[in-house]
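Heads up: the sequence lines are chains A and B, in that order.
Counting from 1, one number per residue, gives the positions in the first sequence under the UniProt record's numbering.
Counting from 1, one number per residue, gives the positions in the second sequence under the UniProt record's numbering.
Before any comments, here is the structure.
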Amino acid sequence: MNSLSRRMYSGISWIVLALMAIYFLFPIYMAIINSFKTQSEIYRSVLSWPASISFENYGNAFKQANMLKSGLNTIVVTATGIFGIVICSSLAGYKLSRTRSRLSNWLFMLFVASMLIPFQTIMVTLTKMARDLGLQGSPFGLGVVCAGLGVNMAIFLYHGFVKGIPRELDESAQIDGCGEWKAFFLIIFPLLGPITFTIIVLNLLWLWNDFLLPVLLLNDYRQYTLVLTINMFFGKYSRDWPLILSSLVLSSLPIVVIFAFFQRWIIQGITDGAVKG
Amino acid sequence: MRSRGNRAAFSLILFVLPAFLLYLLFLVIPMFQGSYYSFTDWNGLNKTYDFVGFGNFVEALRDDRNFRSSIWFTAKFVVCAVVLQNVVALLLALLIESRKKAKGLFRTIFFMPNMLSVIISTFMWVFVFSKVIPALAENGALKFLNLSWLGDPSVSFWTILIVSVWGGVGTLLLIYMAAIQGIPQHLKEAAIIDGAQPHHMFRYITLPLIAHALTICIFLTLNSSFKVYDLVYALTNGGPGRGTQVITMNILEEAYQGNNRYGYASSKAIILFLIILVITMIQVTIMKKREVEA
Numbered sequence: 001m002n003s004l005s006r007r008m009y010s011g012i013s014w015i016v017l018a019l020m021a022i023y024f025l026f027p028i029y030m031a032i033i034n035s036f037k038t039q040s041e042i043y044r045s046v047l048s049w050p051a052s053i054s055f056e057n058y059g060n061a062f063k064q065a066n067m068l069k070s071g072l073n074t075i076v077v078t079a080t081g082i083f084g085i086v087i088c089s090s091l092a093g094y095k096l097s098r099t100r101s102r103l104s105n106w107l108f109m110l111f112v113a114s115m116l117i118p119f120q121t122i123m124v125t126l127t128k129m130a131r132d133l134g135l136q137g138s139p140f141g142l143g144v145v146c147a148g149l150g151v152n153m154a155i156f157l158y159h160g161f162v163k164g165i166p167r168e169l170d171e172s173a174q175i176d177g178c179g180e181w182k183a184f185f186l187i188i189f190p191l192l193g194p195i196t197f198t199i200i201v202l203n204l205l206w207l208w209n210d211f212l213l214p215v216l217l218l219n220d221y222r223q224y225t226l227v228l229t230i231n232m233f234f235g236k237y238s239r240d241w242p243l244i245l246s247s248l249v250l251s252s253l254p255i256v257v258i259f260a261f262f263q264r265w266i267i268q269g270i271t272d273g274a275v276k277g
Numbered sequence: 001m002r003s004r005g006n007r008a009a010f011s012l013i014l015f016v017l018p019a020f021l022l023y024l025l026f027l028v029i030p031m032f033q034g035s036y037y038s039f040t041d042w043n044g045l046n047k048t049y050d051f052v053g054f055g056n057f058v059e060a061l062r063d064d065r066n067f068r069s070s071i072w073f074t075a076k077f078v079v080c081a082v083v084l085q086n087v088v089a090l091l092l093a094l095l096i097e098s099r100k101k102a103k104g105l106f107r108t109i110f111f112m113p114n115m116l117s118v119i120i121s122t123f124m125w126v127f128v129f130s131k132v133i134p135a136l137a138e139n140g141a142l143k144f145l146n147l148s149w150l151g152d153p154s155v156s157f158w159t160i161l162i163v164s165v166w167g168g169v170g171t172l173l174l175i176y177m178a179a180i181q182g183i184p185q186h187l188k189e190a191a192i193i194d195g196a197q198p199h200h201m202f203r204y205i206t207l208p209l210i211a212h213a214l215t216i217c218i219f220l221t222l223n224s225s226f227k228v229y230d231l232v233y234a235l236t237n238g239g240p241g242r243g244t245q246v247i248t249m250n251i252l253e254e255a256y257q258g259n260n261r262y263g264y265a266s267s268k269a270i271i272l273f274l275i276i277l278v279i280t281m282i283q284v285t286i287m288k289k290r291e292v293e294a
């Protein structure tokens, strides 16, 4: 390739990337600049930079959407779900990977096969099950149900990762007098760190942002997660854009801050999770 | 020897038990219950119900016009979404990987939507389509933007696609970028020495060597677009009328909103499961055969 066509190629690629970047940033940029405006300012000039930066809309949104309470609910759901998934799946994934028996293979196949079941197929009966068990109507209960839905994928990821940890470690721990469980928590679990991090990231994104399952399991606005609160808010104040937009930006902040801090690991984790999953 | 085998089995069961219980309660039992109810006319409340055999399935596929049109709408969406999301993600991955600078910046920008809740980010798009684009369309040169983006089903179809590409490209981009980075350097160099043009490179080097990533990404997009709900709910809520209703919405409507036909909704859910299962199985089998090793 001569240098002229190489420069042209590079120029075209730059233009395409820039246009796509505008497409991707546009709604976020529009939501942010308009979240600082008053209603009449939005109607007058939606495209321009806000006349003055005031956080009044944010204060209103925070109060009226009950952000604090729904933020706490979201943390309860996410923490319960992730804790359940990590503990249960690391135990199961480790043991299933180490044991060579027909029972072990069969159990593992059972977990993996269930990854094909779409949530939408079981949602109706799952809601009934949660109601029967008294798990409907509380963020904690929702977290437990989510743990049940998330274990299969996590077991699959742990199962693969454990293969890379030498068996001698288990054996030497047992020779040193550790019980099986103690050996797992003291020696094996810390070594599972990288895959545990991947699993936490994948489930954090799912649980924090989930919509349909919380809609079906939480029936009172006091139990609502952030996404549900925003959804209710949107229905209630659908013309009050300053309030809506600032609540949208505000509720996205926590996850964006987490992303900004852990970006490299999160991207690595998602790539690993997707390629192995 | 025998007792050691038993002990191993016992300890296996203890380790697996917590996960297995959760899995049984929230996945296996609901799946079996759903399959069971799909053959009944249960309404979700009564103690009694009757078996109707395959009646629900026949009704859904033969007589239920709303369900059939939701399948048709979803199918059109799946085809367009799978193609567009993968083409855009692959194109972006190739462009980003061919650059020396700003790789991380572009990756962050295109991945950003994946961090946000679909509901929340789609509400941002609702603002764009109902306030910002009409304002842009007042400008003479951009008059063609003056469309009923959310109110006319034939336009809303494209609106849904625009937002779905925006939200769906991120993960695919990461997978394609990882795959492109995995192509051995010596193959690229050999091709360049042999005088390969960029499109030759793509056709004969890149594409065959990222075939496994294509399999994964098409599998992921098939799955996610058949199951699409949040996005359509937040953008049009299936409307106007049922003009943009997807399968999952139709199932929920049947089970909860007014109808309360639990058994019937379950059979529709099983139909959705079978559709996804058969199509992804065919896709993975065909595409696996075409993969090559570097």
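Glycine included, every Cβ here is placed at the ideal spot set by N, Cα and C.
query                                                                                                                                                                                           : result
Answer with yes or no whether the minimum CB distance from residue 266 of chain B to chain A is below 7 Å.                                                                                      : yes
For residue 39 of chain A, count the other beta carbons within 10 Å of its own beta carbon; 16 or more makes it buried, fewer makes it exposed. Which is it?                                    : exposed
Buried or exposed for residue 278 of chain B, please, with buried defined as at least 16 other CB atoms from any protein chain shown within 10 angstroms of its CB.                             : exposed
Does residue 110 of chain B come out as helix, strand or coil in the three-state DSSP assignment?                                                                                               : helix
For residue 51 of chain B, does the three-state DSSP call read helix, strand or coil?                                                                                                           : strand
Identify every residue that forms a DSSP beta bridge with residue 40 of chain B.                                                                                                                : B:51
Following the continuous alpha helix (DSSP H) through residue 37 of chain A, name the residue where it begins and the one where it ends.                                                        : Counting along the chain, residue 37 of chain A falls outside any alpha helix (DSSP H), and DSSP gives it neither H nor E.
Specify whether the stretch 183-191 of chain A and the stretch 244-254 of chain A touch according to this definition: at least 3 beta carbon pairs, one from each stretch, less than 8 Å apart. : no
Check distances from the C-beta atoms of the stretch 202-215 of chain B to those of chain A and list, in chain order, the residues that come in under 7 Å.                                      : none
Check whether the stretch 187-197 of chain B touches the stretch 141-150 of chain B, taking contact to mean three or more Cβ pairs, one atom from each stretch, closer than 8 Å.                : no
Would you mind working out which of B:283, B:227, B:289 and B:288 sits nearest residue 270 of chain B, comparing C-alpha positions?                                                             : B:227
Rounded to a whole number of angstroms, what is the C-alpha to C-alpha distance between residue 49 of chain A and residue 35 of chain A?                                                        : 11 Å
Note down, in chain order, every chain A residue with its Cβ under 8 Å from the Cβ of residue 11 of chain B.                                                                                    : 95 and 180
Starting from residue 223 of chain B, trace the alpha helix (DSSP H) in both directions and tell me its first and last residue.                                                                 : 211-226
Kindly indicate which residue of B:40, B:280 and B:285 has the alpha-carbon position closest to the one of residue 225 of chain B.                                                              : B:280
Alpha carbon to alpha carbon, what distance is there between residue 216 of chain B and residue 198 of chain A?                                                                                 : 18 Å
Is the shortest distance between the beta-carbon of residue 73 of chain A and the beta-carbons of chain B less than 7 Å?                                                                        : no
Taking 6 Å as the limit between beta carbons, can you name the residues of its chain near residue 137 of chain A, skipping five residues before and five after?                                 : 219
Given residue 119 of chain B, which residues of its chain have a CB within under 7 Å of its CB, disregarding the five upstream and five downstream residues?                                    : 230 and 234
Should residue 231 of chain A be flagged as near chain B, meaning a C-beta pair shorter than 7 Å?                                                                                               : yes
What does residue 188 of chain B reach in chain A if we use C-beta pairs closer than 7 Å?                                                                                                       : Ordered by position in chain A, no residue passes the 7 Å Cβ test against residue 188 of chain B, which lies about 13 Å from the chain.
Would you say residue 142 of chain B faces chain A, with C-beta separation under 7 Å as the test?                                                                                               : no
Against chain A, with Cβ distances strictly below 7 Å, would residue 230 of chain B count as a contact?                                                                                         : yes
Consult DSSP for residue 80 of chain B and reduce its assignment to one of helix, strand or coil.                                                                                               : helix
Taking DSSP as the reference, what is the three-state secondary structure of residue 147 of chain A?                                                                                            : helix
Measuring only the C-alpha atoms, how far is residue 7 of chain B from residue 102 of chain A?                                                                                                  : 15 Å
What are the boundary residues of the alpha helix (DSSP H) that residue 317 of chain B is part of?                                                                                              : Any answer about residue 317 of chain B is impossible in this case: the structure gives chain B only from 1 up to 294.
Taking its Cβ as the centre, do 16 or more other Cβ atoms sit within 10 Å of residue 27 of chain B, making it buried, or is it exposed?                                                         : buried
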